[in-house]
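Protein chains in written order, with the numbering used here: chain A, 1256 to 1463; chain B, 1256 to 1463.
For each residue, glycine too, the CB sits at the ideal point set by N, CA and C.
In this text, all values refer to a predicted model and were calculated from it rather than measured experimentally.
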DNA sequence: CAATTAATTTAATTTTGTTAAGTTTCATCA
DNA sequence: TGATGAAACTTAACAAAATTAAATTAATTG
């Protein structure tokens, strides 16, 4: 049965991405073989080449899927904090870190991505990572409207905040946090968000 | 001449590390082959196995060398800013980013390291990365003594600052900074340091 | 100076990404 | 409806690169 009957077809593309995400929590991307992915999917390795140009393209698809997941969470969370801009920023930071800690392998791939596969379209046209940054930027503007933070340069402020939180996640996932155990390291990252929020809180001129 | 005469011996270990650092600025670690390294060193690939257990061990040695280089720079800079704790922190941030931007390939390897090679010794006993964090922590304490920052928890503060600056470097090296060109992205990272210093400056109670 | 150890080489092996060739199913169109 | 071509797989073959084995020569040591 070279070509499977339509009734027993599986969505190789979607399953390969999902299984790779799962495998990423067991081993690094370089250690994952296409055979492994194929077995998990339920096909042979060359079948993957019908859906992805090569291994890097698969990893890039996983990378993109990661950012789409992150964006979804971000938008859902924003909807839950319509009112309080300051709280939205804080909860956004905490949620970001939970995302990273729940899927450490995926997070690592998202931020040390495989070389971009050459395509004819603009890679950033559909980049969910850029959309995540845009969402953060909108939260920053809400905070500015509430009197926090320097009034100008919301893009720069959003970048700074993302850098800080991403940096905390990244260091923790590499065991570079000054903490004895895993939970201590994660707590240190969470505390980073709180410290930043403390700084931001201090930027608000005292009520007169 | 299977074994080279002592007069014409080369220090394969040191040269392999140096040449790999150089190659890292041309291509990613996964794309560097041991043959390439061997050619650059002036030997054959299997000779590398006398000095490194495997490719990961070589990359780990490069990773460690990177942190030692960073530590040296950090200590040299600290010596130049004995007096002014605030300036030391700011200049330290800028120097950190210059380090990352001058050696992007090495920096990437330092923060998305290959799996740790199993050895019998404690990997953190000689970890220059930990020493870098300790140096930053001492700069934080100086700043606290000068009246900046929350007074307690220097370790947490140092971690937060490192996270922010590392995060900025990491995002820029992945083209995730909101800037049109390379120089704009790097400027955004530098501005991150300035913004943090602004926050820190604001933590000092106004002179009465 | 003989014997062992060390540092390298070339040759062989293995793993894994990728391509080629072959097979079955699906879709289209006369 | 049946032939034909395209699509989605399979198994087989290939190629590159990491690793190991075997062989060779130099250094060291007793």
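query	result
Would residue 1443(A) and residue 1432(A) be called neighbours here (beta carbons separated by less than 8 Å)?	yes
Using a Cβ-Cβ cut-off of 8 Å, state whether residue 1461(B) counts as contacting chain A.	no
Restricting to runs no shorter than 4 residues, where is the alpha helix (DSSP H) found entirely within the stretch 1345–1402 of chain A?	1359–1366 and 1383–1400
How long is the line joining the alpha carbons of residue 1401(A) and residue 1342(A), rounded to whole angstroms?	12 Å
My understanding is that residue 1367(A) touches residue 1422(B), with C-beta atoms under 8 Å, so please give their C-beta distance in whole angstroms.	With a Cβ gap of about 13 Å, residue 1367(A) and residue 1422(B) do not count as contacting.
For a cutoff of 8 Å on Cβ pairs, would you count residue 1421(B) as touching chain A?	yes
Return the first residue and the last residue of the alpha helix (DSSP H) that residue 1415(A) is part of.	1409–1428
Excluding five sequence neighbours on each side, which residues of the same chain lie with their C-beta closer than 6 Å to the C-beta of residue 1440(A)?	1427, 1432 and 1434
How long is the line joining the alpha carbons of residue 1340(A) and residue 1319(A), rounded to whole angstroms?	28 Å
Can you give me the Cβ contacts of residue 1289(A) inside the same chain, cut-off strictly under 8 Å, excluding the 5 residues immediately before and after it?	1300, 1303, 1310 and 1313
Counting along the chain, where does the alpha helix (DSSP H) carrying residue 1322(A) start and finish?	1310–1335
Between which two residues does the alpha helix (DSSP H) holding residue 1454(A) run?	1437–1457
Assign residue 1263(A) to one of two classes, buried (16 or more other C-beta atoms within 10 Å of its C-beta) or exposed (fewer than that).	exposed
Quick test of your reading: residue 1394(A) and residue 1347(A), contact by CB under 8 Å. State the CB separation rounded to the nearest angstrom.	6 Å
Mind pulling the chain A residues with CB within less than 9 Å of residue 1457(B)?	1454, 1457 and 1458
Classify residue 1370(B) as buried or exposed, calling it buried when 16 or more other Cβ atoms lie within 10 Å of its own Cβ.	exposed
Name the chain A residues that come within less than 9 Å of residue 1368(B), Cβ to Cβ?	1429
Can you grab the Cα-Cα spacing for the pair residue 1267(B) / residue 1316(B), in whole Å?	13 Å
Residue 1454(A): which of 1345(A), 1270(A) and 1323(A) sits nearest, CA to CA?	1345(A)
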